Structure formats: structure tokens, C-alpha cells
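A.B. asks: One structure follows; several queries about it will come next.
Number of protein chains: 2
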Amino acid sequence: MDMKRGAYASTSGTTTQATSAMNSIKDYILQSHLQPGDPLPTESQLCETLGMSRSSVREAVRTLAALDIVEVRHGHGMFVGQVSMRPMVESLVFRGLLKPGDDYRSLREVVQVRRTLDTALAQAVVEAWQGREDPAIDDVVDQMEALAERGETFTDQDRSFHRMLLAPVPNQLFAHLMEAFWAVHTLTVPMLDAPRPEDIVNTAKAHRAMLQAARSGDVEAYREAVVAHYEPLANALTRS
Amino acid sequence: MDMKRGAYASTSGTTTQATSAMNSIKDYILQSHLQPGDPLPTESQLCETLGMSRSSVREAVRTLAALDIVEVRHGHGMFVGQVSMRPMVESLVFRGLLKPGDDYRSLREVVQVRRTLDTALAQAVVEAWQGREDPAIDDVVDQMEALAERGETFTDQDRSFHRMLLAPVPNQLFAHLMEAFWAVHTLTVPMLDAPRPEDIVNTAKAHRAMLQAARSGDVEAYREAVVAHYEPLANALTRS
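Residue numbers (full-length UniProt numbering), protein chains in the order written: chain A, 1 to 240; chain B, 1 to 240.
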């Protein structure tokens, strides 16, 4: 990844007219005080309102749709997008796939970012979960353990667990960031050899330990469970 | 931001044919073992090779360009992109602008993510900087302090400082992530009132304290300097 050429420069690969149309559409959304999900004018109305050509508006809309700033529902029109981390996920997953032979370096980096964030959020997660009852997350952990006993992996349950764990943390940007790196990880990890049955069981147990530590208000035990949670994966990366 | 509808679902707002063309172009890059910066075939050649219509290929290329997976240099052709965090930055900045009245919540969240990451990276930064000489970063801190004494802000120096500080940390994904949040922060912060002269001076001093703590191998002092570094901003957010 090359951040040197400008992390926040305007979008590359678009014509000057389309970039200008993009900025006009963004300004239009802001000045009209529209919010995510609100409908946008039709393409023809936008061309007229902004005084831009149809091809510029069309190109701008496609770029804004790729960035989740505009959402195009075919047959229903255009809407203000929900703004997500999906563009970053697509970029990072592709980067991971681009250099698989690079000693799994991309995957290692993603796993390290996840572990660092999980550890850094220990205090916030424990504060949010101390004494909290939520049978849904217990169900998810039960399912994980049952699948692990049969030697099966549990991607869906894993996603639900991490999402539920961060749901009561007030700063939801952390949750979005963690989910984005979870997705990059999950979409890149199939390059590795299949996990061993004992790794699957230990990973399931570590989830239960994270939840128990959070509920009992034990920040240090939570951090240890986070490290244990990534241990089987770290071992698989060492073997690969 | 709505991650519920699928953090890693395929790109919304594109037609089925264009999505299929996008996947074909990604597969072509992977199967040809191309790397960032390598040239891609022309649009006509891609249509022929992939057996897709010109309009689908053109729409796919625009979307991939918005995600920095393909780079279009007008008059020079198409190249494999460098894959960056710019798409996430554009999304988050727009999100920040979309709800400025929301008690600066977006900006607060971004600042908290930066502080959490800076604190979590204390050990890695100290390990990378202990005893390290690099006159360029001292120059940057000198410039910051000189500007601060005159009551001037120092965005360029701030960016250089944080980039240089993370440059020797082995996992460069952290550097990209930090620079992305730095950019979101910097592009969103003008919504706040101008900083007070003493805040500018204190922020400059905190940068010097971070560098000194890292060089002397003092992780705890580094963490304290990080907190002091965000203090003036935290106060400005409280006042706003």
C-alpha cells in the first residue's frame, strides 16, 4: 500500500469533470441536510440542478456508489449511502490476495491489528459487560463449542460473537473497525492450511473465557483470554 | 454507518454484469501475478479477453479505480493500483461532515480511535526508537515549536511527525491505519473553533515529549505524552 502519494488526495482514476460532479453531489447532500437512506434526485434532475453533463454525473455516481456515499437501488432510484468500511475491506482483502506468497505477511499484519485493538479495548469491553446478562451471546458460545467438538469451524458464530461483544461499547467506530478487520481476516485466512481439531476447540474455549472475564470485571483476565484467542491462529501462521 | 447489511458483501450500486466484470478483472490480475504499478491491458483488450461488453468493463474499471484497486492514468492507460486506505478516509470524512451538529460525535470517535491506537502502539514505537538518531524528525519538532510560538498551527509538520514516528515500526498496516485516521481527523477538525495559542504550544511540546520518551525507552512516559498530546483537542471538543 502506498500512502505516500496522499492518503486523502481526491479519488484517482476519474476525469476532472467527474471529480467536479462528485464534489457537487456531495455538496448537494450536505447543503440539503440529507441523511443516510434519504432519496436523491434522479440522474436527469441532478444534471439540471448541478449544470453537469449526463456522462459526468453518471461517472460520479458510480464512484460515490463504490465508496458507499451514494446507494443505487436498481429500479428504485438513488439514496444517500450508509457510509461503511466495506471499501477498505475490499481493498485490504485484494491486497492480501495479491501477495499470498509473501510469507502471509498481509494476514499476519491484519491479525496483529485485530489483537492490538482487542487488547486496547479490554477496559471498555469490561466496563460495558460487567454484570450484563445477554442470553444471545451465551447461545453463540454454546454453538461454537458444540461445532468445535465435532471438529467443525464456526465463522458465522465468530462474527456474531465479536459483533455482540462490541455492541454495548459507546464508540461504535471501534466496532466498525474491528468488524472490517474481522472480514479482511476471514476472507484472507482460507489461504492457510485447515485448522487442527484442538485449535478449533481452544479457539471456542477462548471466546467463553473472554466473555466470562468481561462479565466478572477482570480486565487482566480478559487481556489474557484475547491473547489465547489468537494463539491457535498465530501457531498456524508459524507453521505455514 | 450501517455494518449490519454486510461489511464484506459485494459492492452495492453496480449492475450484475459490472460486478461480474469487476470479479473477472480482479481474477485476471491475480492469475497473471501482476503487482501494484504493473500495466493492465487496454479496455478493448480486456473486453475481448474477458468476453464482456465495453459498458460493463468501463463501469467495473470505474468502481475498481474508486477502490484504488485499479489506477487510471489518463493518456497512459490502466495499472494495478497501490491499494490504499483513501476510500475509507473519503467515507469517514463524509460521514463526519454529514452530521456536524451531532455534538461533534464523529470527530470525538475518530480522536478516541487515534488515542487508543497511539497508546496501544507505545511498546512498538519505543522499541523502534530507543537510541535511534534521525535529525529529520528533530527538525520537524523544532519547526512545530517555532510555529507554535508565533501562534500558528502546523498541520504539515504534524503529519510528517506521526508518519516518521511509525515508519520504523515493522507492521506498516498500523502506519496506514494511523495516517488514515489522522487524515479523517484533520479534514473534520475545521468544524471546531480555532485552537487557542496555549493549546498550540502545548500540542507542540507534547510531540517533543513523545519523541524523547520513545528514545529514552520509557513506555510509561510515552503513554503519558500521548495523552497530553490529545489533551488540548479534548478540551476544545468539550468547549464546542
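We put the beta carbon where it would ideally sit given N, CA and C, even for glycine. Fair warning: this is a prediction, and the values are worked out from it, not measured in the lab.
How is B:Arg62 classed by DSSP in three states: helix, strand or coil?
C.D. replies: Residue mapping note: residue 62 of chain B aligns to position 62 of the second sequence, counting from 1. DSSP places B:Arg62 in helix when its eight states are reduced to three.
A.B. asks: Can you tell me the Cβ-Cβ gap for A:Ala229 and A:Phe161, rounded? I've got them flagged as a contact below 8 angstroms.
C.D. replies: Here residue 229 of chain A refers to the residue found at position 229 when the first sequence is read from its first residue. Here residue 161 of chain A refers to the residue found at position 161 when the first sequence is read from its first residue. For the record, residue 229 of chain A in the displayed sequence is His; it is not Ala. Wrong, their Cβ atoms sit about 10 angstroms apart, outside the cutoff.
A.B. asks: Candidates A:Phe174, A:Leu165, A:Gln35 and A:Ala209: which alpha carbon is nearest B:Phe94's?
C.D. replies: As a working note, residue 94 of chain B is residue 94 in the second sequence. For the residues A:Phe174, A:Leu165, A:Gln35 and A:Ala209, the minimum Cα distance to B:Phe94 belongs to A:Gln35.
A.B. asks: Which residues, in chain order, does the stretch 108-122 of chain B contribute to contact with chain A at a C-beta distance below 9 angstroms?
C.D. replies: Arg108, Glu109, Val110, Gln112, Val113, Thr116, Leu117, Thr119, Ala120 and Leu121
A.B. asks: Of the residues A:Pro135, A:Pro41, A:Ala122 and A:Thr155, which one's Cα is nearest the Cα of A:Val80?
C.D. replies: By one-based count along the first sequence, residue 80 of chain A stands at place 80. Here the closest residue by C-alpha is A:Pro41.
A.B. asks: Between the Cα of A:Lys205 and those of A:Pro232, A:Gln31, A:Glu145 and A:His76, spot the shortest distance and give me the residue it belongs to.
C.D. replies: Here residue 205 of chain A corresponds to residue number 205 of the first sequence, with the count starting at 1. Considering only alpha carbons, the answer is A:Glu145.
A.B. asks: Below 7 angstroms on C-beta distance, what does B:Asn23 contact in chain A?
C.D. replies: Start at 1 with the first residue of the second sequence, and residue 23 of chain B comes out as number 23. For B:Asn23, there are no neighbours in chain A by C-beta distance under 7 angstroms, as the nearest C-beta there is about 11 angstroms away.
A.B. asks: By DSSP, does A:Glu127 sit in helix, in strand, or in coil?
C.D. replies: The sequence position of residue 127 of chain A within the first sequence is 127, counting from 1. Here A:Glu127 sits in helix by DSSP.
A.B. asks: Using the three-state DSSP reduction, which class does B:Glu71 fall into: helix, strand or coil?
C.D. replies: The count along the second sequence starts at 1 and reaches residue 71 of chain B at position 71. Looking at B:Glu71 - three-state DSSP - the assignment turns out to be strand.
A.B. asks: With DSSP as the reference, please indicate the residues paired to A:Pro39 in a beta bridge.
C.D. replies: Here residue 39 of chain A refers to the residue found at position 39 when the first sequence is read from its first residue. The secondary-structure analysis by DSSP pairs A:Pro39 across a beta bridge with A:Phe79.
A.B. asks: By Cβ distance, which residues of its chain are closer than 6 angstroms to A:Ala122, with the 5 residues on each side in sequence left out?
C.D. replies: As a working mapping, residue 122 of chain A is identified with position 122 in the first sequence. Correct list, in chain order: Val219, Tyr222 and Arg223.
A.B. asks: Indicate the three-state DSSP secondary structure (helix, strand or coil) for B:Asp138 in the structure shown.
C.D. replies: On the second sequence, position 138 is the one that residue 138 of chain B refers to. Secondary structure of B:Asp138 (DSSP, three-state): helix.
A.B. asks: Taking just the CA atoms, how far does B:Arg86 sit from A:Met1?
C.D. replies: For this step, residue 1 of chain A is matched to residue 1 along the first sequence. For this step, residue 86 of chain B is matched to residue 86 along the second sequence. The predicted position of A:Met1 is uncertain, since its pLDDT is 41 and thus under 50; no value can be drawn from it.
A.B. asks: Taking just the CA atoms, how far does B:Glu43 sit from A:Arg73?
C.D. replies: The residue you call residue 73 of chain A lines up with position 73 of the first sequence. The residue you call residue 43 of chain B lines up with position 43 of the second sequence. Spanning the two alpha carbons is a distance of roughly 27 angstroms.
A.B. asks: To the nearest angstrom, how far is the alpha carbon of B:Leu211 from that of B:Ile137?
C.D. replies: Along the second sequence, read from residue 1 onward, the residue named residue 211 of chain B stands at position 211. Along the second sequence, read from residue 1 onward, the residue named residue 137 of chain B stands at position 137. Approximately 9 angstroms, taken between the alpha carbons.
A.B. asks: Starting from A:Asn171, follow the alpha helix (DSSP H) in both directions and report where the run begins and ends.
C.D. replies: As a position in the first sequence, residue 171 of chain A is number 171, starting the count at 1. From DSSP, A:Asn171 is part of no alpha helix (DSSP H); its letter is neither H nor E.
A.B. asks: Does DSSP put A:Tyr222 in a helix, in a strand, or in coil?
C.D. replies: The sequence position of residue 222 of chain A within the first sequence is 222, counting from 1. Of the three classes helix, strand and coil, the one that applies to A:Tyr222 here is helix, per DSSP.
A.B. asks: Would you say A:Val141 lies against chain B (beta-carbon separation less than 7 angstroms)?
C.D. replies: Looking up residue 141 of chain A in the first sequence gives position 141. Chain B contact via Cβ: absent.
A.B. asks: Of all the residues that make up the stretch 83-94 of chain B, which are near chain A by a beta-carbon distance shorter than 7 angstroms?
C.D. replies: Val83, Ser84, Met85, Arg86, Pro87, Met88, Val89, Glu90, Ser91 and Phe94
A.B. asks: Near residue 254 of chain B, what residues of its chain come up, given a Cβ to Cβ distance below 8 angstroms and the 5 sequence neighbours on each side ignored?
C.D. replies: Because chain B in this structure spans residues 1 to 240, residue 254 of chain B falls outside the shown range and cannot be described.
A.B. asks: Using three-state DSSP, classify A:Asp193 as helix, strand or coil.
C.D. replies: As a working note, residue 193 of chain A is residue 193 in the first sequence. Residue state, collapsed to three classes: coil.
A.B. asks: Taking C-beta pairs closer than 8 angstroms, name the residues in chain A that B:Thr63 reaches, listed in chain order.
C.D. replies: Taking the first residue of the second sequence as position 1, residue 63 of chain B is located at position 63. Neighbours of B:Thr63 on chain A, chain order: Arg62, Thr63, Ala65 and Ala66.
A.B. asks: Going by beta-carbon coordinates alone, are B:Val226 and B:Asp118 separated by less than 7 angstroms?
C.D. replies: Here residue 226 of chain B refers to the residue found at position 226 when the second sequence is read from its first residue. Here residue 118 of chain B refers to the residue found at position 118 when the second sequence is read from its first residue. Contact flag set, yes.
A.B. asks: Would B:Ala120 and A:Thr116 be called neighbours here (beta carbons separated by less than 7 angstroms)?
C.D. replies: For this step, residue 120 of chain B is matched to residue 120 along the second sequence. For this step, residue 116 of chain A is matched to residue 116 along the first sequence. Against a cut-off of 7 angstroms, the Cβ pair of A:Thr116 and B:Ala120 comes out as a contact.
A.B. asks: Please report the straight-line C-alpha distance between A:Val201 and A:Gly151, rounded to a whole angstrom.
C.D. replies: Residue numbering aside, residue 201 of chain A sits at position 201 when the first sequence is read from its first letter. Residue numbering aside, residue 151 of chain A sits at position 151 when the first sequence is read from its first letter. For A:Val201 and A:Gly151, the distance between alpha carbons rounds to 8 angstroms.
A.B. asks: Once DSSP output is grouped into helix, strand and coil, what is the label at B:Ser44?
C.D. replies: Your numbering for residue 44 of chain B matches position 44 in the second sequence. Residue state, collapsed to three classes: helix.
A.B. asks: Counting contacts by CB-CB distance shorter than 7 angstroms, is B:Leu30 in contact with chain A?
C.D. replies: Position 30 of the second sequence holds residue 30 of chain B. Interface residue, yes.
A.B. asks: Listed in chain order, which residues of the stretch 155-171 of chain A have Cβ atoms closer than 7 angstroms to some Cβ of chain B?
C.D. replies: Here the close residues are Asn171.
A.B. asks: Comparing C-alpha positions only, which one of A:Ser53, A:Glu198 and A:Gln82 sits nearest to A:Glu149?
C.D. replies: Position 149 of the first sequence, counted from the start, is the residue given in the question as residue 149 of chain A. The candidate whose alpha carbon is nearest that of A:Glu149 is A:Glu198.
A.B. asks: By the criterion of Cβ-Cβ separation under 8 angstroms, what are the contact partners of A:Glu59 in chain B?
C.D. replies: As a first step, residue 59 of chain A is located in the first sequence; it is residue number 59 there, counting from the start. Ordered by position in chain B, the residues that pass the 8 angstroms Cβ test against A:Glu59 are Arg62.
A.B. asks: Does the Cβ of B:Gln157 have 16 or more other Cβ atoms within 10 Å, making it buried, or fewer, making it exposed?
C.D. replies: Position 157 of the second sequence, counted from the start, is the residue given in the question as residue 157 of chain B. B:Gln157 comes out buried.
A.B. asks: Taking only beta-carbon positions, decide if residue 243 of chain B is within less than 7 angstroms of chain A.
C.D. replies: Since the first residue shown for chain B is 1 and the last is 240, residue 243 of chain B is missing from the structure and cannot be characterised.
A.B. asks: So with CB distances below 7 angstroms, who are the chain A contacts of B:Lys205?
C.D. replies: In the second sequence, residue 205 of chain B corresponds to position 205, counting from 1. What B:Lys205 touches in chain A: nothing, since even the nearest Cβ is about 25 angstroms away.
A.B. asks: With 7 angstroms as the threshold, decide whether the Cβ of B:Ile69 is near any Cβ in chain A.
C.D. replies: Taking the first residue of the second sequence as 1, we reach residue 69 of chain B at position 69. With 7 angstroms as the cut-off, B:Ile69 counts as an interface residue toward chain A.
A.B. asks: How many angstroms separate the CA atom of A:Ala194 from the CA atom of A:Thr203?
C.D. replies: For the purposes of this step, residue 194 of chain A is taken as the residue at position 194 of the first sequence. For the purposes of this step, residue 203 of chain A is taken as the residue at position 203 of the first sequence. Approximately 14 angstroms between the Cα atoms of the pair.
A.B. asks: Please state whether DSSP places A:His229 in a helix, a strand or coil.
C.D. replies: Along the first sequence, one-based indexing puts residue 229 of chain A at 229. A:His229: helix per DSSP, three-state reduction.
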